[in-house]
Amino acid sequence: MNVRHFDWRDLSTLHRLRSQSVYLNGALLHTRGPLMVPGALFSFLAPSMGIFTYVLNGEEASDSPVFGQFIHMMGSPLSHLTFLTPDNALDSTTVYSLMEHMMAQSGERGALRLLADVDESSEAFETLRHSGFAIYSRQRIWQLTGFPDGDSQPGTWRSAISPDEPPIRSLYNNLVPALVQQVEPLSTQRPKGMVYYDHGELIAFVELKYGHRGIWAQPFVHPDAQDMAQHFIDLLSRVPNRRSRPVYICVRSYQAWLETAIEDLGAEAGPRQAVMAKQFVSQQKASRAFAIPALEGGQPEITAPIARLGNK
């Protein structure tokens, strides 16, 4: 099997297959759209942008090519699959050559892990499992296209600033299971999102990612929080620069108790997804992947002990 970089001659084939694709990066898909063809062009014309698209050619001239893509910003420990296409080729063992090549290329760039979000009922899920990916969490994405009914209350949420970083880190460390923290450590950059304090104690942080297609919101809420339906109404009325864009709320399995409040807002639930990772050999540049027991041998951690953040 021959795996090579995408080039301009593949454009018409990729365009034809765009409706047969499996998308594996929910945040990118819901904020910027599939970016399948534009991303492939960028990978050919400007690889420094961190988008990498590959083509697997079959042994026979009549075999349909298989395309895959991942993104990786130089210096980041994480890379992320964005799509595989066509979906009807994912049940073939030949696709594993493409997966191995992308994993090797990601490791060569210095990434420690390759991530993917995938519906558990899809063929892509089995492809990832057979390629050595392991589930480290689950999630459901809720879409809210309008503004929820109800009056918002003043002064509850505000944009996060640098002094909020220590309490956000404390909330994250107490709330997020250790296995998830191992794969997705909290960013060291200034937090981007909204915070909610009650009597000086941080109760919730909602990370926000923006794109022309929508806004991605991932909540981290202490289980002591009360009346979350009202808090979400207040939040959605204060999201900066929302305009008419839909908001996609990503609820991880360890925050599943929030789903009732989100459903009460009139949000539409998506399918449950597995959040998967492939761990690479070391922090040094690597051309092969390896298994670590925490990811490869065990079950995803659903919950974690919650420490009190302080006295109210």
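Numbering (this note's numbering), first residue to last: 18 to 329.
Yeah, the Cβ is synthetic: ideal placement off N, Cα and C, and Gly gets one too.
Buried or exposed by the 16-neighbour rule on C-beta atoms within 10 Å, applied to residue i
i, result
"aspartate 241", "exposed"
"serine 148", "buried"
"serine 36", "exposed"
"glutamine 206", "exposed"
"threonine 144", "buried"
"glutamate 224", "buried"
"histidine 239", "buried"
"alanine 195", "exposed"
"isoleucine 309", "Legend: pLDDT at isoleucine 309 = 48, less than 50; position of this residue unreliable, value from coordinates given subsequently. By the 10 Å Cβ count, isoleucine 309 comes out exposed."
"aspartate 166", "exposed"
"alanine 151", "buried"
"glycine 163", "exposed"
"aspartate 27", "buried"
"histidine 47", "buried"
"leucine 62", "exposed"
"arginine 155", "buried"
Endpoints, the alpha helix (DSSP H) within which residue i is located
i, result
"histidine 47", "43-49"
"proline 183", "182-192"
"histidine 22", "It is not in any alpha helix (DSSP H) - histidine 22 instead sits in the beta strand (DSSP E) that spans 19-22."
"arginine 33", "28-33"
"serine 60", "53-62"
"threonine 205", "Careful: threonine 205 lies outside any alpha helix (DSSP H) and carries neither H nor E."
"glutamine 198", "195-200"
"aspartate 80", "Counting along the chain, aspartate 80 falls outside any alpha helix (DSSP H), and DSSP gives it neither H nor E."
"aspartate 281", "276-281"
CA-to-CA distance, residue j to residue i, given in whole angstroms
i, j, result
"isoleucine 114", "proline 184", "Looking at the sequence provided, one finds serine at residue 114 rather than isoleucine. Roughly 44 Å separates the two Cα atoms."
"arginine 230", "serine 204", "24 Å"
"glutamine 296", "leucine 129", "6 Å"
"tyrosine 189", "aspartate 80", "48 Å"
"aspartate 181", "proline 171", "20 Å"
"alanine 234", "arginine 260", "15 Å"
"glutamate 137", "tyrosine 214", "36 Å"
"proline 82", "histidine 32", "12 Å"
"alanine 273", "serine 29", "42 Å"
"glutamate 280", "leucine 52", "29 Å"
"threonine 173", "leucine 252", "8 Å"
"alanine 291", "proline 202", "18 Å"
"alanine 121", "glycine 228", "30 Å"
"valine 20", "phenylalanine 237", "40 Å"
"serine 254", "alanine 221", "16 Å"
"valine 197", "phenylalanine 142", "19 Å"
"valine 72", "leucine 98", "14 Å"
"serine 38", "proline 103", "5 Å"
"glycine 92", "glycine 127", "7 Å"
"leucine 34", "proline 94", "31 Å"
"tyrosine 153", "arginine 186", "20 Å"
"alanine 306", "glycine 124", "Low confidence applies here, because alanine 306 scores a pLDDT of 49, under 50, leaving its location unreliable and the question unanswered by this model."
"glutamate 218", "valine 212", "10 Å"
"histidine 22", "valine 54", "14 Å"
"glycine 56", "tryptophan 25", "12 Å"
"alanine 106", "serine 270", "30 Å"
"aspartate 108", "arginine 49", "28 Å"
"aspartate 244", "serine 179", "27 Å"
"proline 208", "valine 200", "18 Å"
"leucine 41", "leucine 101", "8 Å"
Where the beta strand (DSSP E) containing residue i begins and where it ends
i, result
"tyrosine 213", "210-215"
"methionine 293", "285-296"
"isoleucine 158", "151-161"
"phenylalanine 69", "68-74"
"serine 176", "174-176"
CB contact check: residue i to chain D, cutoff 8 Å
i, result
"methionine 91", "The chain labelled as chain D is not found in the depicted structure, where only one protein chain is given."
- Task: Tell me the start and end of each unbroken alpha helix (DSSP H) in the stretch 212-267 that is at least 4 residues and wholly inside, in chain order.
- Result: 245-253
- Query: Between the stretch 244-263 and the stretch 131-139, do three or more beta carbon pairs fall short of 8 Å?
  - Reply: no
- Message: Contact between the stretch 279-298 and the stretch 150-161 is defined here as three or more beta-carbon pairs at a separation below 8 Å; is this criterion met?
- Response: yes
- Message: Counting beta carbon pairs with one atom in the stretch 263-273 and one in the stretch 101-116, are three or more of them shorter than 8 Å?
- Response: no
- For the stretch 84-140, list the alpha helix (DSSP H) runs that are entirely contained and at least 4 residues long, ordered along the chain. 112-125
- Per the contact definition of three or more C-beta pairs closer than 8 Å, is the stretch 84-98 in contact with the stretch 63-71? yes
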